[in-house]
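Quick note on numbering: the sequence shown equals residues 1 to 590 in UniProt numbering.
For every residue, glycine included, the Cβ atom is placed at its ideal position computed from N, Cα and C.
Below is one structure; the comments refer to it alone.
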Amino acid sequence: MKIWKSVVGKLWLTILLLVSFVLFILTILLLEFFESYHVTQIEQDLETTANKIAHIVEQHPNDNVGIQMALEIVDKPTQVIIAYNRSNVFYSAPSKNKHITPAKILNDPQLSKVFKSQKTEKKEIEPPNEKSRNRYDNTLVVGVPLQTVKGENGAIFIYQSLNVLKDTTQQTTKIILLSAGIAIILTTFFAFFLSTRIAAPLRKMRLAAFEVAKGKFDTKVPILTHDEIGELATAFNQMGKQLKFNMNALRQEKEQLTSILSSMADGVLTFDRDGTILITNPPGEKFLQQWLNDPSQNLDLPAPEEILALLHKVIETEKEQTDELKIQGHSYVVIVSPLYNQKDVRGAVAVLRDMTEERKLDKLRDDFIANVSHELRTPIAMLQGYSEAIIDDIAASDEEKKEFAKIIYDETLRIGRLVNELLDLARMEAGHITLYKEDTEINPFIERVTNKFQGLAREKNVNLSYERITDNNTSIDLDPDRIEQVLTNLIDNAIRHTGQNGNVKVMVDRKENGITVHVQDNGSGIPEEDLPFVFERFYKADKARTRGKSGTGLGLAIAKNIVDAHNGHIFVKSKIGQGTTFSFFLPYTS
1 MKIWKSVVGK LWLTILLLVS FVLFILTILL LEFFESYHVT QIEQDLETTA
51 NKIAHIVEQH PNDNVGIQMA LEIVDKPTQV IIAYNRSNVF YSAPSKNKHI
101 TPAKILNDPQ LSKVFKSQKT EKKEIEPPNE KSRNRYDNTL VVGVPLQTVK
151 GENGAIFIYQ SLNVLKDTTQ QTTKIILLSA GIAIILTTFF AFFLSTRIAA
201 PLRKMRLAAF EVAKGKFDTK VPILTHDEIG ELATAFNQMG KQLKFNMNAL
251 RQEKEQLTSI LSSMADGVLT FDRDGTILIT NPPGEKFLQQ WLNDPSQNLD
301 LPAPEEILAL LHKVIETEKE QTDELKIQGH SYVVIVSPLY NQKDVRGAVA
351 VLRDMTEERK LDKLRDDFIA NVSHELRTPI AMLQGYSEAI IDDIAASDEE
401 KKEFAKIIYD ETLRIGRLVN ELLDLARMEA GHITLYKEDT EINPFIERVT
451 NKFQGLAREK NVNLSYERIT DNNTSIDLDP DRIEQVLTNL IDNAIRHTGQ
501 NGNVKVMVDR KENGITVHVQ DNGSGIPEED LPFVFERFYK ADKARTRGKS
551 GTGLGLAIAK NIVDAHNGHI FVKSKIGQGT TFSFFLPYTS
């Protein structure tokens, strides 16, 4: 760092300039004073000498001895003119200054007044027409009156060049300049000493400030003095301590806020007034990804237009706004609340609650009630109709009465089966299913279940077969009754939905971590749009079949819960006119 940019350099330069300015003014004043003082002294000396000469000349009138004595009194640089009158003049050796002559002095208007007024006159005569003119080239002339014996008014004129002041002035200037140099050196030393005492603590404070700026709030400045700089160091240390406390508090609040936002199930988006997203949490980012329909997109984008519209309403009305949005098959309840900056609304915070599952459950509940009502309506109507026929003696013969009673019995069984399946499904979905697992060999088990449907298959004119596993010793830990219930449902559905001369095949694939059982038919198939819903309660893809022949619509839902309880999974593949394959996977260890 250059010294001129430092506090030391600036303070030293300021003191140096101040001292130099003061010395410069002092030098000018001293030179002016010494010059005036010496000129005054020369005037007084010349006047005194002139009065002495006048006294000597008056004591020796018309006597060359007086003149000789008078000329002896005058020093060599000084010239004297003794004028008894204007025509009777005596003067010393001629001056080196050619522009000063006795005639010029005697004829000078101011000096010639001495003859008439008999008063002392003084005058500085400047050299004419000189380019570099200064006072040292002037000549000082002093004229005093002289009384002669004859009573005439004479005058003594004594004059001397002021060039003698030049040496005195130069010596005085040297002394002043030497004193100024010593003063500047002492001032520089004092300035650097004082500046160092000030700058050293300031440097430490600067380094400490940089450390604090880097986050090292424990940095302290040593307190060496008890003056203003010491108080500044104390204040700096207190500031660092307070900054550390405030930063820790802010960090804790930020971590707490981040933890709260991250743990929230609801999405949170914070906006400024122009709609720019400032803060989000993971559910909020998921919402934006669903809105953009591309998880790889940059989320540094404006919010959806629907939310921006709510934001504008919040800014205009300064009130909370609520709406429900549907995005990519998801339902979100959006609550937008204003954020204030003292008095004005500086932005808003939007809370996004995913209501998809709630809406789905509401729909399932409504569908469940409608489906149960629909499923019970037919058997109840039949029970009511046939029972009324018996009561009203519409059945004439005992055979008709027995037929009506058998129909009533069958419908009662159907209602009981529906209720039992609903109870089983409710227990399974509530997690209350109990499995009684045992080590079961696959080939004998599946072959036994398949053979149970051979009679039904022959009745339907369907070819039912089982493709055995090559390894007859393959076994797996499972609940035989529950898995038999799954196979019974899948095989029964396959036979019922396969036309005459059709084929139903049961196969098993052995995997490294489990087995996969396939029930394949070449029946009518399931429409592609219905495949995602076949495992839902009461869902029936074949709308043309009567409900009395096609079951309750709960079998596949129960099968899925049983397979899930074994830590497996069930899936389906189907094409219209080519048949359907239901498969379920069971792991070896569940």
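**Message:** Is the separation between the beta-carbon of V508 and that of I515 shorter than 8 Å?
**Reply:** Here residue 508 refers to the residue found at position 508 of the sequence shown. Here residue 515 refers to the residue found at position 515 of the sequence shown. In contact: V508 and I515 (Cβ atoms closer than 8 Å).
**Message:** If you reduce the DSSP assignment to three classes, tell me which class Q160 lands in.
**Reply:** Stepping through the sequence shown from its first residue, residue 160 is reached at position 160. Q160 falls in the strand class under three-state DSSP.
**Asked** Which residue's Cα is closest to the Cα of G315: Y340, K119, Y136?
**Response** By one-based count along the sequence shown, residue 315 stands at place 315. Per the sequence shown, residue 315 should be read as Ile rather than Gly. When only C-alpha atoms are compared, the closest one is Y340.
**Request:** Going by CA-CA distance only, name the one from R448, L16, P532, K363 that's closest to L186.
**Result:** Here the question's residue 186 lines up with position 186 in the sequence shown. Of R448, L16, P532, K363, the residue nearest in Cα terms is L16.
**Request:** Following the continuous beta strand (DSSP E) through P587, name the residue where it begins and the one where it ends.
**Result:** Residue numbering aside, residue 587 sits at position 587 when the sequence shown is read from its first letter. Here the beta strand (DSSP E) through P587 covers 579-587.
**Asked** Which one of D521, S387, M355 has the shortest CA to CA distance from residue 591?
**Response** For residue 591 there is no data in the structure shown, the boundaries of the chain being 1 and 590.
**Message:** Let me confirm a value: P145 is counted as buried when at least 16 other C-beta atoms fall within 10 Å, else exposed. Which label applies?
**Reply:** Within the sequence shown, numbered from 1, the residue matching residue 145 stands at position 145. Result: buried.
**Prompt:** Using 8 Å as the threshold, is the segment 472-480 in touch with the segment 431-446, meaning 3 or more CB pairs across them?
**Reply:** yes
**Request:** Starting from S524, trace the alpha helix (DSSP H) both ways and give me its first and last residue.
**Result:** Along the sequence shown, one-based indexing puts residue 524 at 524. First-last for S524: undefined, no H or E at that position.
**Prompt:** Counting Cβ pairs closer than 8 Å, one from the segment 240-251 and one from the segment 277-290, do we hit at least three?
**Reply:** no
**DSSP beta-bridge partners of L478** = Residue 478 sits at position 478 when you count from the first residue of the sequence shown. Partner(s): E438.
**Message:** In whole angstroms, give me the CA-to-CA distance for R86 and T169.
**Reply:** Position 86 of the sequence shown, counting from 1, holds the residue named residue 86. Position 169 of the sequence shown, counting from 1, holds the residue named residue 169. Near 37 Å, if we compare the C-alpha coordinates of T169 and R86.
**Asked** How is T498 classed by DSSP in three states: helix, strand or coil?
**Response** By 1-based counting over the sequence shown, the position of residue 498 is 498. Looking at T498 - three-state DSSP - the assignment turns out to be coil, as it is neither helix nor strand.
**Request:** Would you kindly work out how many angstroms separate the C-alpha atoms of S112 and E32, rounded to a whole number?
**Result:** One-based indexing of the sequence shown puts residue 112 at position 112. One-based indexing of the sequence shown puts residue 32 at position 32. If I take the Cα positions, the gap works out to 30 Å.
**Message:** Please classify A348 as buried or exposed, where buried requires at least 16 neighbouring CB atoms within 10 angstroms.
**Reply:** Counting from 1 along the sequence shown, the entry for residue 348 is found at position 348. Result: buried.
**For I82: DSSP bridge partner residues** = On the sequence shown, position 82 is the one that residue 82 refers to. According to DSSP, I82 bridges with F90, I156.
**Prompt:** For S132, which three-state DSSP category applies?
**Reply:** Locating residue 132 in the sequence shown gives position 132, where the first residue counts as 1. Reliability fails at S132, whose pLDDT of 49 lies under 50, so the model's placement of it is uncertain and the value that follows must be treated cautiously. Here S132 sits in coil by DSSP.
**Request:** Measuring alpha carbon to alpha carbon, tell me which of F453, T139, I81 ends up nearest I42.
**Result:** Taking the first residue of the sequence shown as position 1, residue 42 is located at position 42. Nearest of F453, T139, I81 to I42, Cα basis: T139.
**Item:** CB contact below 8 Å: L257 versus chain B
**Value:** In the structure shown, chain B cannot be found, because there is only a single protein chain.
**Request:** Find the nearest neighbour of G555 within the set K575, M264, F582, judged by alpha-carbon distance.
**Result:** Here residue 555 refers to the residue found at position 555 when the sequence shown is read from its first residue. The residue with the shortest Cα to Cα distance from G555 is F582.
**Request:** Identify, in the order they occur along the chain, each residue of the same chain with its Cβ nearer than 7 Å to the Cβ of F236, setting aside the five sequence neighbours on each side.
**Result:** To locate residue 236, count along the sequence shown from 1; it is residue 236. Counting only Cβ-Cβ distances below 7 Å, and skipping sequence neighbours, we find M205, A208, V221.
**Asked** Can K460 be considered in contact with the ligand MG, in the sense that its beta carbon sits closer than 7 Å to one or more heavy atoms?
**Response** With respect to the ligand MG, the structure shown offers nothing to examine, as it has no ligands at all.
**Prompt:** Quick one: what's got a C-beta closer than 8 Å to Q454's C-beta in the same chain, skipping five residues either side?
**Reply:** Residue numbering aside, residue 454 sits at position 454 when the sequence shown is read from its first letter. Hits under 8 Å: L464.
**Item:** Nearest candidate by alpha-carbon position, reference S331, set P201, N567, T356, T498
**Value:** Walking along the sequence shown from the start, residue 331 turns up at place 331. S331 has its Cα closest to that of T356, out of P201, N567, T356, T498.
**Start-to-end residues for the beta strand (DSSP E) that takes in R510** = Walking along the sequence shown from the start, residue 510 turns up at place 510. Note, R510: beta strand (DSSP E), 503-510.
**Prompt:** Just to confirm, are P379 and E411 a CB contact at a threshold of 8 Å?
**Reply:** Position 379 of the sequence shown, counted from the start, is the residue given in the question as residue 379. Position 411 of the sequence shown, counted from the start, is the residue given in the question as residue 411. Contact: yes.
**8 Å Cβ cutoff met for Q384 and I327** = The residue you call residue 384 lines up with position 384 of the sequence shown. The residue you call residue 327 lines up with position 327 of the sequence shown. For Q384 and I327, no; Cβs fall outside 8 Å.
**Request:** Mind reading off the beta-carbon distance from T322 to I335? Whole number of angstroms is fine, and I expect it under 8 Å.
**Result:** Position 322 of the sequence shown holds residue 322. Position 335 of the sequence shown holds residue 335. Indeed they touch by this definition, with Cβ atoms about 5 Å apart.
**Message:** By the three-class DSSP mapping on this structure, what secondary structure does A389 have?
**Reply:** Counting from one through the sequence shown, the residue named residue 389 turns up at place 389. The answer is helix: DSSP assigns A389 an H, G or I state.
**Prompt:** From V268 to G568, what does the alpha carbon distance come to, in whole angstroms?
**Reply:** As a working note, residue 268 is residue 268 in the sequence shown. As a working note, residue 568 is residue 568 in the sequence shown. Looking at the two C-alpha atoms, the distance is approximately 36 Å.
**Request:** Below 6 Å CB to CB, which residues in the same chain sit around N489 once its five sequence neighbours on both sides are set aside?
**Result:** Here residue 489 refers to the residue found at position 489 when the sequence shown is read from its first residue. So the list reads G555, A559, once near-sequence residues are dropped.
**Asked** Just curious, the beta strand (DSSP E) that G568 is in, first and last residue?
**Response** The residue given as residue 568 occupies position 568 in the sequence shown. No beta strand (DSSP E) contains G568, which DSSP labels as neither H nor E.
**Message:** Using only the alpha-carbon positions, how far apart do D75 and L29 sit?
**Reply:** As a position in the sequence shown, residue 75 is number 75, starting the count at 1. As a position in the sequence shown, residue 29 is number 29, starting the count at 1. Distance between the alpha carbons of D75 and L29: 31 Å.
**Which listed residue (I56, L26, T120) has its alpha carbon closest to that of A180** = Walking along the sequence shown from the start, residue 180 turns up at place 180. For A180, the nearest C-alpha among the options comes from L26.
**Prompt:** Based on the DSSP output, what are the partners of N341 in its beta bridges?
**Reply:** As a working note, residue 341 is residue 341 in the sequence shown. For N341, which the question treats as bridged, DSSP gives the partners D344.
**Those residues which DSSP pairs with L464 across a bridge** = Taking the first residue of the sequence shown as 1, we reach residue 464 at position 464. DSSP lists V504 as partners of L464.
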